[in-house]
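4 protein chains.
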Amino acid sequence: MTSAAKRKPSAATGLQHVPQARAAKPTRRAGRQRDETAQRAILRAASEVLEEKGMAGFTIEAVAARAGAGKTTIYRWWPSKGALAMAGFLSETAPKISYANGRSALANLTHQLRRVGSVYGGASGRVLSAIIAEGQRDPATITAFVEGYAKPRRAEAKKILLAGIERGELRPDIDLEVALDALYGPIYYRMLVPVGPLDEHWAEALAAHVLNGLKKQPTAT
Amino acid sequence: MTSAAKRKPSAATGLQHVPQARAAKPTRRAGRQRDETAQRAILRAASEVLEEKGMAGFTIEAVAARAGAGKTTIYRWWPSKGALAMAGFLSETAPKISYANGRSALANLTHQLRRVGSVYGGASGRVLSAIIAEGQRDPATITAFVEGYAKPRRAEAKKILLAGIERGELRPDIDLEVALDALYGPIYYRMLVPVGPLDEHWAEALAAHVLNGLKKQPTAT
Amino acid sequence: MTSAAKRKPSAATGLQHVPQARAAKPTRRAGRQRDETAQRAILRAASEVLEEKGMAGFTIEAVAARAGAGKTTIYRWWPSKGALAMAGFLSETAPKISYANGRSALANLTHQLRRVGSVYGGASGRVLSAIIAEGQRDPATITAFVEGYAKPRRAEAKKILLAGIERGELRPDIDLEVALDALYGPIYYRMLVPVGPLDEHWAEALAAHVLNGLKKQPTAT
Amino acid sequence: MTSAAKRKPSAATGLQHVPQARAAKPTRRAGRQRDETAQRAILRAASEVLEEKGMAGFTIEAVAARAGAGKTTIYRWWPSKGALAMAGFLSETAPKISYANGRSALANLTHQLRRVGSVYGGASGRVLSAIIAEGQRDPATITAFVEGYAKPRRAEAKKILLAGIERGELRPDIDLEVALDALYGPIYYRMLVPVGPLDEHWAEALAAHVLNGLKKQPTAT
DNA sequence: ATGTAAACGAGACGGTACGTCCAGTCTTGAA
DNA sequence: TTCAAGACTGGACGTACCGTCTCGTTTACAT
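Taken in sequence, the protein lines are chains A, B, C and D. So the first sequence is numbered by the working numbering: it starts at 84 and just counts up by one. So the second sequence is numbered by the working numbering: it starts at 84 and just counts up by one. So the third sequence is numbered by the working numbering: it starts at 84 and just counts up by one. So the fourth sequence is numbered by the working numbering: it starts at 84 and just counts up by one.
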């Protein structure tokens, strides 16, 4: 028996938390089926350990112990610590960070920035920071984060920007990618580098300053 | 073992790379003097290991081996891995990242952002990323980074912003701290989270978008 | 889970390699019938793995893989690694080690020792060594070996000794058990502790030296 | 730093328990010196664990825990479980098994066999069995046992046999190696394969039966 | 000139966590 | 009811570094 890569789900990113539709009926493979209970316990444990102990205490052994699982089970489904952290974050924490969909694009963005600032300034931010930190030593982790979390959310935000341009709220010549960096980059920055508080108040000010450069007729105050 | 804390230089931050003037003559204590050669070799080795192997390969043992030093010597002068990385960065890498001082504040800031974007996109960025990552698990490290690097540089940048306001180039009602976050946050973001390239071209676009919101009479184009 | 001990054949020794006649027709139980093919494949695989990889490579998983069987099937029929090794040995290797039945007891014993020495010095010896080694950590295994292999063979050899005494070839006052130890012990010793070769030549010398003490009128040379 | 074999003492056998005379004075190597206390604690723990728990419970982790040592320290000095067991046996148990030196060779051998039978039938025998068992899966272990224990003792016994021949007590044409196998093989056999008791009484009977074949003028009784 | 005290290299030490291998158990779907 | 497949908990493996601790040597001040 030599085939090394034994069908790990989504080996590239190690995300695998979406059961990818369970191909119709027929090809149900032999052998004991994957125990969803164990998976959930592991993901929950991962999130909890990360929130409580931080990156330093986030060891595979700690997660396994808390989940009442064997280390083997973890390694069977997630290729690395980072992948596990990501999966835990995506299944436990990420759902709490939803998008708003108010009326005006400007109001939308302001509201969204305020929310994100508030959430990232709390426990979720600590989980996120840990993942990004781990990503600096393990490329797979940062890739998983970018592809599995960052990019989808940027796509979402991009829609709001486009809507704003269409309605004439925002300048039509803005570079969307750059605009996204300008809006969200500072939040990550404050989350990772505590040069000052990361809260709703600050986020609102940030929104005001940056959006001012993106608006069609910026107020000269 | 008598006095536990045996006079580690600047224990709070673990920076200690500036020999702090060696108070006059008198208190020169007995015993062998600190070997500056060894210190330099260690700092250089730290930087090199960080650049070459990344965070994953940055172990005290690796640095000691490359520097031809004993682990003891490292622990004698730096309290932790993060502190060592910081010191290495400050003595080897940071000096390369200088400030410009052109004429107009806008030109100044644009030029500066372009330079920083370019430098942080390279090997120096990898060192910096590693430090920030390490800082997520060791509070002393991130503190050392904020106090020893980030804040001084923010102060420097703040001067340029103030000069811009005085000269009427920038709006007088901007929140300086928020403006700094808006300008530099995105660079750190792209450095740590590769959602896209981090180079001069992107940095210039960023400068344009953000400064547009800070200018006195923004072009409506 | 109802009845724990689910009718494992001969649980005490775990031997079970003789299918014990399958009681005629009537009590033919419901459900899929036991697959004799699988059993044979497992035993053969056990023997082969033991011969080729030695004790170190003799894992239940390796045997299952080579036999194309599930681990469950092995555990259903044999209680432990040692029992499996024993069963494999008894069904594959032991049959090759037959008894001679020449004329004179002395010639008989000499011939027999030479054969045993030769066989135990080869691949079969490696299997046997592994079983005895495993027996040191698992009492059930050594018991199975003693009861299922050693004692029956000793009984066989004892008959030859008794015949020798009756015919006046051997001294009548010898302790049969001790005599058996003296004759066969050294072979096991050399098999397990390589202080020297284990071959026919050595076995013949051994026979000469030991039988000399058991003969009625030992030659003074 | 790549040199793999970092000067493990007597890597071939892994014995290393004799400090090999500490080459005169000069070449005392740099670095902290080996902690004899730790070594002794480890060897003692190894012996104890082996006696109490048997081979099954003899894990490196158990020994380390009992000795209050780190696993690293064990691996630094002994290449394998078997080597550790051997070293423990040689330093703790073996010294208790001394040689007699009475007058007649026959009396000497009888006495010696009785002693060895008695000792190997007890706790020491269990240690020894475990080592030989481990030796079946790890060639280095059995080699260490043969070279470090078995052969030296055989050499000792050989001297007694030779003395017996010189004094005319034993037949001059006996093959010494074979005679040793005949005398001691059965003891190892009974130690490893419990076909019957291993005690002084049995050992005496064994001595009588085997020596009868080696004596110059064997009694016909 | 001779202590004496600190700094240095080397490297052994008790530990923690790693990622892997098997053991032995349990579950599923097919035969 | 048995079988192959294979997921599960769990324990030990051997390795890599951690941060601490001697060692024996080197250096330079203080006597």
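Note that CB positions come from ideal geometry on N, CA and C, so glycine has one too.
Legend entry - Alpha-carbon to alpha-carbon, C/LYS154 and C/ALA288: 46 Å
Inset, instruction - Look at the Cβ atom of C/GLU260, then the Cβ atom of D/GLY279, and state whether they are nearer than 8 Å. - result: yes
Legend entry - Assigned secondary structure, A/LYS299 (DSSP; H/G/I helix, E/B strand, else coil): coil
Inset, instruction - Tell me whether D/LEU259 sits in a helix, a strand or coil according to DSSP, three-state version. - result: helix
Legend entry - Opposing strand residues paired with D/LEU275 [DSSP bridges]: Partner(s): none; D/LEU275 has no beta bridge.
Inset, instruction - Note down, one range per segment and in chain order, each alpha helix (DSSP H) of at least 4 residues found wholly within the segment 154-228 of chain C. - result: 154-160, 164-171, 188-203, 206-220, 222-228
Inset, instruction - Consult DSSP for C/LEU133 and reduce its assignment to one of helix, strand or coil. - result: helix
Inset, instruction - For the alpha helix (DSSP H) containing D/ARG236, list its first residue and its last residue. - result: 234-249
Inset, instruction - Within the same chain, show all residues whose beta-carbon is closer than 6 Å to that of C/VAL146, passing over the 5 residues directly before and after it, in chain order. - result: ALA128, ALA129, VAL132
Legend entry - Nearest-angstrom Cα separation, counted from B/LEU196 out to B/LEU266: 8 Å
Inset, instruction - Starting from the Cα of B/HIS284, find the closest Cα among B/VAL229, B/LYS241, B/GLY171, B/GLY200 and give me that residue. - result: B/GLY200
Legend entry - Continuous alpha helix (DSSP H) stretch holding A/ALA354: start and end: Residue 354 of chain A is absent from the model: chain A starts at 84 and stops at 304.
Inset, instruction - Determine the closest residue to D/SER187 out of D/LEU244, D/ALA286, D/TYR272, D/PRO269, with distance taken between C-alpha atoms. - result: D/LEU244
Legend entry - Interface flag, B/HIS292 vs chain A, CB-CB below 8 Å: yes
Inset, instruction - Confirm, please, whether the CB-CB distance from C/ILE225 to D/VAL276 is below 8 Å. - result: yes
Inset, instruction - Output the distance between the C-alpha atoms of B/GLY251 and B/LEU192, rounded to the nearest integer angstrom. - result: 15 Å
Legend entry - Neighbourhood of D/LYS298 by C-beta, 8 Å cutoff - its chain only, sequence neighbours within 5 removed: LEU189, GLU252, LEU253, ARG254
Inset, instruction - State the DSSP-derived secondary structure class of B/LEU253, mapped to helix, strand or coil. - result: strand
Legend entry - Between the CA atoms of B/ALA139 and B/ALA290 - distance to the nearest angstrom: 33 Å
Legend entry - Per-residue burial, C/ALA238 [other beta carbons within 10 Å of its own, 16 or more giving buried]: exposed
Inset, instruction - Consider the Cβ of D/GLN195: report whether some Cβ of chain C lies at a distance smaller than 8 Å. - result: no
Inset, instruction - Pull up the CB-CB distance for C/ALA223 and C/PHE141, whole angstroms please, since I reckon it's below 8 Å. - result: Contact flag wrong, Cβ pair sits at about 16 Å.
Inset, instruction - Could you check the C-alpha separation between B/HIS292 and B/GLY165 for me, to the nearest Å? - result: 35 Å
Inset, instruction - Pull up the distance between the alpha-carbon of B/ALA107 and that of D/GLN122, whole angstroms please. - result: With a pLDDT of only 39 at B/ALA107, under the threshold of 50, the placement of this residue in the model should not be trusted; the figure read from the coordinates follows. Distance between the alpha carbons of B/ALA107 and D/GLN122 is about 51 Å.
Inset, instruction - Would you check if the distance between the CB atom of C/GLY208 and the CB atom of C/LEU263 is smaller than 8 Å? - result: no
Inset, instruction - For C/TYR203, decide whether its Cβ has a neighbour in chain D, counting only Cβ atoms nearer than 8 Å. - result: no
Inset, instruction - Verify whether the separation of the beta carbon atoms of C/TYR232 and D/GLY268 is less than 8 Å. - result: no
Legend entry - Members of the segment 223-253 of chain A near chain B, C-beta cut-off 9 Å: ILE225, THR226, PHE228, VAL229, ALA233, LYS234, ARG237
Legend entry - Distance between beta carbons of C/ILE125 and C/ILE143, contact taken as under 8 Å: Wrong, their Cβ atoms sit about 10 Å apart, outside the cutoff.
Legend entry - Same chain, Cβ closer than 6 Å to C/GLY307, neighbours up to 5 away in sequence not counted: Residue 307 of chain C cannot be examined here, being either before or after the span of chain C that is shown, 84 to 304.
Inset, instruction - Go ahead and label B/ALA104 buried or exposed: buried means 16 or more other beta carbons lie within 10 angstroms of its beta carbon, across all protein chains shown. - result: With a pLDDT of 37 at B/ALA104, under the threshold of 50, the modelled position of that residue is not reliable, and no figure is offered here.
Inset, instruction - Return yes when the Cβ of C/ALA216 is within less than 8 Å of the Cβ of D/ARG220, no when it is not. - result: yes
Inset, instruction - Pick helix, strand or coil for A/GLN116, following the three-state DSSP scheme. - result: coil
Legend entry - For A/ALA290, the three-state DSSP class (helix, strand or coil): helix
Inset, instruction - With DSSP as the reference, label B/ASP264 as helix, strand or coil. - result: helix
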